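Q: To start, I am sharing the structure in question, which I have written as structure tokens.
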Ligand SMILES: [Ca+2]
Ligand SMILES: [Ca+2]
Ligand SMILES: [Ca+2]
Ligand SMILES: [Ca+2]
């Protein structure tokens with residue numbers, strides 16, 4: 119015959135009996151004072167907001183974005199311009215150049231048009247003094263009319279401030295061409 123006393127006298131199991139504790143032991147029958155309070159926080163040591171006191175991860179961990187540290191500063195920024203080395207874009211930074219790159223963060227080679235030409239190779243047509251898209255006799259007459267001018271000259275093709283034989287020659291060398 120089995121004594122019913124046996125069940126009542128089952129051996130006590132020491133442990134943490136507080137269900138809110140991180141080391142709660144559902145099998146424990148007797149609290150032994152070992153309960154550890156749960157402390158919510160970020161438990162990932164690699165996270166920016168790692169909390170050494172936390173023992174329950176609450177999903178709040180935040181991590182630095184690539185190439186930056188937790189303070190939002192570049193891990194590597196050789197030239198100190200707040201653009202991380204890995205994110206630098208090399209390009210021409212002179213907005214007067216043909217290949218100006220507004221996105222560039224590091225200086226690169228710049229290309230400029232030949233004098234008297236646009237970046238696409240078309241003539242600026244500075245010789246077209248009367249703006250009729252052709253370099254013709256009308257322009258010659260304007261140079262001759264302004265010949266000898268020394269200030270505020272309208273027919274100064276060479277840009278030296280004067281209208282001299284240089285300007286006549288510049289005009290004649292382009293004579294007959296059309297402006298696009
Ligand atoms: Ca930089
Ligand atoms: Ca830079
Ligand atoms: Ca003309
Ligand atoms: Ca001139």
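Residue numbers (the working numbering): 119 to 298.
All C-beta atoms in this analysis are idealised placements derived from N, C-alpha and C, irrespective of residue type, glycine included.
Nothing here was measured: the structure is a model prediction, and the numbers come from that model.
Could you check whether the stretch 239-256 touches the stretch 215-230, counting it as contact only if at least three pairs of C-beta atoms, one from each stretch, sit closer than 8 Å?
A: Cβ pair count under 8 Å is below three, so no.
Q: Apart from the five residues on each side of it in sequence, which residues of its chain come closer than 8 Å, Cβ to Cβ, to residue 122?
A: For the purposes of this step, residue 122 is taken as residue 4 along the chain shown, with counting starting at 1. Since pLDDT at residue 122 reaches only 48, below the 50 mark, its modelled position is unreliable, and the value read off the structure follows with that caveat. Cβ neighbours of residue 122 beyond the five flanking positions: none.
Q: Round the Cβ separation of residue 212 and residue 203 to the nearest angstrom and send it over; I've been treating them as touching at under 8 Å.
A: Within the chain shown, the letter at position 94 stands for residue 212. Within the chain shown, the letter at position 85 stands for residue 203. About 23 Å separates the two Cβ atoms, so there is no contact after all.
Q: So what does residue 225 bridge to, in DSSP terms?
A: In the chain shown, the residue the question calls residue 225 occupies position 107. Paired residue(s): 209.
Q: Provide the residue span of the alpha helix (DSSP H) that contains residue 194, from first to last.
A: The count along the chain shown starts at 1 and reaches residue 194 at position 76. Premise fails: residue 194 is in no alpha helix (DSSP H) and is neither H nor E.
Q: Hey, would you say residue 272 sits closer than 8 Å to residue 264, going by beta carbons?
A: The count along the chain shown starts at 1 and reaches residue 272 at position 154. The count along the chain shown starts at 1 and reaches residue 264 at position 146. Cβ distance < 8 Å, so residue 272 and residue 264 count as in contact.
Q: Identify, in the order they occur along the chain, each residue of the same chain with its Cβ nearer than 7 Å to the Cβ of residue 227, setting aside the five sequence neighbours on each side.
A: Here residue 227 refers to the residue found at position 109 of the chain shown. Counting only Cβ-Cβ distances below 7 Å, and skipping sequence neighbours, we find 210.
Q: Using CA coordinates, which residue listed in 275, 258 and 266 is at the minimum distance from residue 100?
A: The requested residue 100 does not occur in the structure, where the chain is confined to residues 119 to 298.
Q: What residue does the alpha helix (DSSP H) around residue 294 start on, and which one ends it?
A: Locating residue 294 in the chain shown gives position 176, where the first residue counts as 1. Where residue 294 is concerned, there is no enclosing alpha helix (DSSP H), given that its DSSP letter is neither H nor E.
Q: Does DSSP put residue 286 in a helix, a strand or coil?
A: By 1-based counting over the chain shown, the position of residue 286 is 168. Three-state DSSP puts residue 286 in a helix.
Q: Starting from the N-terminal end, write out each residue whose C-beta falls within a distance shorter than 7 Å of any non-hydrogen atom of ligand 1.
A: The set, ordered by position in the chain, is 192, 195, 196, 197, 198, 199, 200, 201, 202, 203, 206 and 223.
Q: Give the DSSP bridge partners of residue 235, in chain order.
A: Within the chain shown, the letter at position 117 stands for residue 235. Note: residue 235 sits in a beta bridge opposite 241.
Q: Quick one: Cα of residue 232 to Cα of residue 249, how far?
A: Taking the first residue of the chain shown as position 1, residue 232 is located at position 114. Taking the first residue of the chain shown as position 1, residue 249 is located at position 131. The straight-line gap from Cα to Cα measures roughly 21 Å.
Q: Would you mind reading off the limits of the alpha helix (DSSP H) that contains residue 263?
A: As a working note, residue 263 is residue 145 in the chain shown. Taken as a continuous stretch (DSSP letters only), the alpha helix (DSSP H) holding residue 263 covers 255-264.
Q: At the level of alpha carbons, what is the spacing between residue 183 and residue 160?
A: Numbered from 1 along the chain shown, position 65 holds the residue referred to as residue 183. Numbered from 1 along the chain shown, position 42 holds the residue referred to as residue 160. The straight-line gap from Cα to Cα measures roughly 17 Å.
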